[in-house]
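Engineer: Pasting a structure below so you can have a look.
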Amino acid sequence: KQEVTQIPAALSVPEGENLVLNCSFTDSAIYNLQWFRQDPGKGLTSLLLIQSSQREQTSGRLNASLDKSSGRSTLYIAASQPGDSATYLCAVRSYSGGGADGLTFGKGTHLIIQP
Amino acid sequence: SQTIHQWPATLVQPVGSPLSLECTVEGTSNPNLYWYRQAAGRGLQLLFYSVGIGQISSEVPQNLSASRPQDRQFILSSKKLLLSDSGFYLCACSLAGGPGELFFGEGSRLTVL
Numbered sequence: 002k003q004e005v006t007q008i009p010a011a012l013s014v015p016e017g018e019n020l021v022l023n024c025s026f027t028d029s030a031i032y033n034l035q036w037f038r039q040d041p042g043k044g045l046t047s048l049l050l051i052q053s054s055q056r057e058q059t060s061g062r063l064n065a066s067l068d069k070s071s072g073r074s075t076l077y078i079a080a081s082q083p084g085d086s087a088t089y090l091c092a093v094r095s096y097s098g099g100g101a102d103g104l105t106f107g108k109g110t111h112l113i114i115q116p
Numbered sequence: 007s008q009t010i011h012q013w014p015a016t017l018v019q020p021v022g023s024p025l026s027l028e029c030t031v032e033g034t035s036n037p038n039l040y041w042y043r044q045a046a047g048r049g050l051q052l053l054f055y056s057v058g059i060g061q062i063s064s065e066v067p068q069n070l071s072a073s074r075p076q077d078r079q080f081i082l083s084s085k086k087l088l089l090s091d092s093g094f095y096l097c098a099c100s101l102a103g104g105p106g107e108l109f110f111g112e113g114s115r116l117t118v119l
């Protein structure tokens with residue numbers, strides 16, 4: 002059964018820093034991996050989707066990488082801003098995902114960017 | 007692009023009362039539709055999954071049910087709510103035949119007293 006872990010659970014950094022969020026998964030037989038952002042009391046906003054055949058995806062200041070062999074993905078945020086403060090979740094779609102959707106979600110990293 | 011509407015946004019209900027949460031999707035046809043529940047400190051739990059009208063897969067045995075009366079409408083229901091049904095309910099969709107990207111609505115906060 003797929004397991005997804007996000008470390009750290011919480012992170013607080015000063016504005017302007019570049020930072021990396023980590024997502025690890027136990028079963029490398031995946032279809033894709035998706036990063037989301039969730040603001041308090043809101044739904045999830047899709048940030049980046051990486052297919053299993055891809056190594057990375059970029060959108061603005063965000064860059065997500067995927068290393069299937071090591072079971073890891075990272076989300077790189079450049080020049081962080083207070084508006085980046087949110088919880089970031091990763092979700093892995095895989096054969097061993099368990100549910101009908103094949104998705105396994107991490108519990109997220111709560112990010113605070115200090116002004 | 008697709009947009010997902012959920013309502014109500016917030017709901018406070020007594021134990022034993024019925025529930026109806028609605029979700030509609032705009033901007034796409036024949037989407038795959040999902041209901042998730044997010045409890046504090048826990049990950050997202052898939053409740054129901056639908057690939058078409060009247061086709062519902064139930065993931066968790068409980069007193070909740072789902073229906074899909076129209077292509078882009080997904081309804082979560084209960085006849086009698088329990089305290090443990092409190093949580094944040096999220097409707098999501100993915101495009102049929104698409105790359106598998108998941109899109110979420112704004113969520114419905116349910117408090118059962």
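Chains A and B, in that order, are what the protein sequence lines are.
The opening residue of the first sequence carries number 2 in my numbering; numbering runs sequentially from there.
The opening residue of the second sequence carries number 7 in my numbering; numbering runs sequentially from there.
Note that CB positions come from ideal geometry on N, CA and C, so glycine has one too.
All values derive from a computational prediction rather than experimental measurement.
1) Who are the Cβ neighbours of Y96 of chain A in its own chain at under 6 Å, not counting the five residues just before and after it?
2) Does F80 of chain B come within less than 7 Å of chain A when only Cβ atoms are used?
3) Under 7 Å, do F26 of chain A and G49 of chain B count as touching if we go by C-beta distance?
4) Cβ of G60 of chain B less than 7 Å from any chain D Cβ?
5) Please tell me whether R94 of chain A has its Cβ less than 7 Å away from any Cβ of chain B.
6) Of all the CB atoms in chain B, is at least one closer than 7 Å to the CB of K108 of chain A?
7) Smallest Cα separation from Q35 of chain A: which of A:Q3, A:S74, A:T88, A:P41?
8) Please confirm whether V5 of chain A and V93 of chain A have their CB atoms less than 7 Å apart.
9) Contact criterion: CB-CB distance below 7 Å. Does S47 of chain A meet it with respect to chain B?
10) Starting from the C-beta of S7 of chain B, find all residues in its chain whose C-beta is less than 6 Å away, skip the five residues before and the five after it, and write them out in chain order.
11) Tell me, please, which residues DSSP counts as bridged to D68 of chain A.
12) From this set, B:A45, B:T117, B:L82, which residue's C-alpha is nearest S63 of chain B's C-alpha?
13) Helix, strand or coil, according to DSSP, for L125 of chain B in the structure here?
14) Distance, Cα to Cα, C29 of chain B vs I10 of chain B?
Structural biologist: Concretely, from the data shown:
1) Along the first sequence, one-based indexing puts residue 96 of chain A at 95. So the list reads A30, once near-sequence residues are dropped.
2) As a first step, residue 80 of chain B must be located in the second sequence, where it is residue number 74. Chain A, which has no Cβ nearer than 7 Å to the Cβ of F80 of chain B, makes this no.
3) Here the question's residue 26 of chain A lines up with position 25 in the first sequence. Here the question's residue 49 of chain B lines up with position 43 in the second sequence. No. Outside cutoff.
4) No chain D is part of this structure, whose protein chains are labelled A and B.
5) Along the first sequence, read from residue 1 onward, the residue named residue 94 of chain A stands at position 93. With 7 Å as the cut-off, R94 of chain A counts as an interface residue toward chain B.
6) The sequence position of residue 108 of chain A within the first sequence is 107, counting from 1. It does; some Cβ of chain B falls within 7 Å.
7) Looking up residue 35 of chain A in the first sequence gives position 34. Residue A:S74 is the option with its Cα nearest to Q35 of chain A.
8) By 1-based counting over the first sequence, the position of residue 5 of chain A is 4. By 1-based counting over the first sequence, the position of residue 93 of chain A is 92. The Cβ-Cβ distance between V5 of chain A and V93 of chain A falls below 7 Å.
9) As a working mapping, residue 47 of chain A is identified with position 46 in the first sequence. Output row for S47 of chain A: interface = yes.
10) Working through the second sequence from its first residue, we reach residue 7 of chain B at position 1. Closer than 6 Å at the Cβ level, and outside the excluded window around S7 of chain B, lie G33.
11) Against the first sequence, residue 68 of chain A aligns to sequence position 67. Bridge partners of D68 of chain A: A:R73.
12) Within the second sequence, numbered from 1, the residue matching residue 63 of chain B stands at position 57. For the residues B:A45, B:T117, B:L82, the minimum Cα distance to S63 of chain B belongs to B:L82.
13) There is no way to answer for residue 125 of chain B, as the model of chain B reaches only from 7 to 119.
14) On the second sequence, position 23 is the one that residue 29 of chain B refers to. On the second sequence, position 4 is the one that residue 10 of chain B refers to. Answer to the nearest angstrom: the Cα atoms are 7 Å apart.
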